[in-house]
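In the numbering used here, the protein residues as written are 636 to 1072.
Beta carbons: idealized from backbone N, C-alpha and C, even for Gly.
As the structure is a prediction and not an experimental result, all values here were calculated from the model.
I have placed the structure first, in the form of structure tokens, so that the comments after it can refer back to it.
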Ligand code: ASP
């Protein structure tokens, strides 16, 4: 008798039969509870000892970034014979990305004004050796899109350059027509292998999420978070508001779909983003969820999601709005209307330039502060709790990418409505699904 025919029994059997999103949710809650308990009982070292399991998971999802983006984008391009359609999808994606980012930062600023996170904080204890990031010039950003060496771009994990090379490579395959048939077949087949590899790694998500949660909760504890509780509250509240209003609204009004289904379908990547704090690292999970849970075809998700993981950072922009006001309030500096506009513009650009890796946002924060002459010492204070803020903003970043993917797919008439309406095909028992194909 094979395992598949055995009815799952006992705790382990029930766990293995559980849907992935439930496993991840339980892992998150257990990890947080255990981490806080370890911290309160003075055993933060145990929490640290569990961290390597989480690091292994994060390494594994990062391992997928380069092959997954390249191969799925080439295959996506192969399915998009029509250059006009490519241009349309690209334009819609970029416009939605910029628009949602500008709203995110505005929500961040509004919450900063309403909740006054910096009131009553004494900044004088902050270290002062922080230097502002230089703003990248727009021309330089565009010039750097073209890789001088695609292998080097892959080695460095330069996502934008990999995207550009993969798009050109895919177009070239289409243009070469019949002569490129073997290359086409090879990439079709390679993409199946890479998707399988992705499924193997994703099956370990609950364990990685658990370990990372134990580590974060264990090393921060509750006491350390209290002084900056208002900043944390403002960023988390902002992320929830933005997700519900902007993404929920977009899915409802632009795509005419049930937003509840969207939030269900995006849960797994959002939670992996929450614990790994890397949108690029989460790509493998978001691409799988977009396809399996949300019905976005690969041709669209393979372009929209890697691009979003690199340039669309609504959570990061929102956080920069809250933090800029936090610093202004803590130093007793009044901001003018022009300052607010400058912050909106700089934070939008900064969030585009922020890499989808842990902690990148706090480095770009210095750029935003410098643009309106706010003291950079504020960055040092925020850096102390940055991981906690990074979790929320990365989850929002990834949710935003998926929302845009759904809206673009729907507007192209390519969304698989049935997959969207019955989410969680990505369900576990993932290992069972792996065995079956
Ligand atoms: N960690 C974020 C991300 O990967 C970037 C940031 O630090 O804001 O999306």
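Going down the chain, each residue whose beta-carbon is closer than 6 Å to a heavy atom of the ligand ASP shows up: 912, 913, 914, 948, 951, 989, 991, 992, 993, 994, 995, 996, 1025, 1028, 1029, 1032. Residues 706, 707, 710 of the same chain have their beta carbon placed closer than 7 Å to that of residue 826, with the five preceding and five following residues left out of the count. Runs of beta strand (DSSP E) with 3 or more residues, each lying fully within the region 701-739, are absent. A Cβ-Cβ separation of about 15 Å leaves residue 686 out of contact with residue 916 under the 8 Å criterion.
Taking C-beta atoms as the reference points, residue 907 and residue 669 fail to come closer than 8 Å. Looking at 862, 837, 934, the one whose alpha-carbon comes closest to that of residue 656 is 837. Inclusion of residue 1044 and residue 935 in the CB contact set at 8 Å is warranted, their separation being smaller than that value. One alpha carbon belongs to residue 748, the other to residue 703, and they sit about 42 Å apart. Under a 10 Å Cβ-count criterion, residue 955 is classified as buried, with 16 or more other Cβ atoms of the shown protein chains found around its own Cβ. Distance between residue 994 and residue 922, taken at the CA atoms: about 22 Å. Residue 873 and residue 1055 do not touch by the CB rule: their CB atoms are close to 27 Å apart, not below 8 Å. The DSSP-derived three-state label of residue 844 is helix. The closest CA to that of residue 1049, considering only 933, 684, 865, is found on 933.
Collapsing the DSSP output to three states places residue 779 in coil. Inclusion of residue 996 and residue 1025 in the CB contact set at 8 Å is warranted, their separation being smaller than that value. Scanning 866, 665, 890, 880 for the CA closest to the CA of residue 727 turns up 890. The count of Cβ pairs closer than 8 Å, one atom from the region 788-799 and one from the region 891-903, stays below three, leaving the stretches out of contact.
Taking 4 residues as the shortest admissible run, the region 968-1049 contains the following complete alpha helix (DSSP H) segments, listed from N- to C-terminal end: 972-988, 995-1006, 1012-1018, 1021-1046. Residue 973 is classed as exposed because its beta carbon has fewer than 16 other beta carbons within 10 Å across all chains shown. Under the three-state reduction of DSSP output, residue 933 falls in the helix class. Comparing alpha-carbon positions, the option among 948, 866, 1023 lying closest to residue 731 turns out to be 948.
DSSP places residue 838 outside both helix and strand once states are collapsed to three, so it counts as coil.
Annotation: the continuous alpha helix (DSSP H) that includes residue 951 extends over 949-965. By the neighbour-count definition (other C-beta atoms within 10 Å, threshold 16), residue 957 is a buried residue. A Cβ-Cβ separation of about 6 Å places residue 1000 in contact with residue 1014 under the 8 Å criterion. Around the CB of residue 944, 16 or more other CB atoms lie within 10 Å, so the residue is classed as buried. Taking 8 Å as the cut-off, the beta carbon of residue 864 is found no closer than this to the beta carbon of residue 689.
Excluding residues up to 5 positions away in sequence, 840, 841, 844, 902, 903, 906, 907 lie with their Cβ nearer than 8 Å to the Cβ of residue 659 in the same chain. Residue burial is scored here from C-beta neighbours: residue 894 has at least 16 other C-beta atoms within 10 angstroms and is therefore classed as buried.
Three or more Cβ pairs closer than 8 Å define a contact, and the region 1027-1039 falls short of that threshold against the region 1003-1012.
For residue 907, the enclosing alpha helix (DSSP H) has its first and last residue at 902-911. Distance from the CA of residue 870 to the CA of residue 778, rounded to the nearest whole angstrom, comes to 34 Å. Residue 815 is not a Cβ neighbour of residue 806, given a cutoff of 8 Å. Looking at 1021, 1037, 866, the one whose alpha-carbon comes closest to that of residue 925 is 1037. The residue from 784, 646, 1039, 960 with its alpha-carbon nearest to that of residue 887 is 1039.
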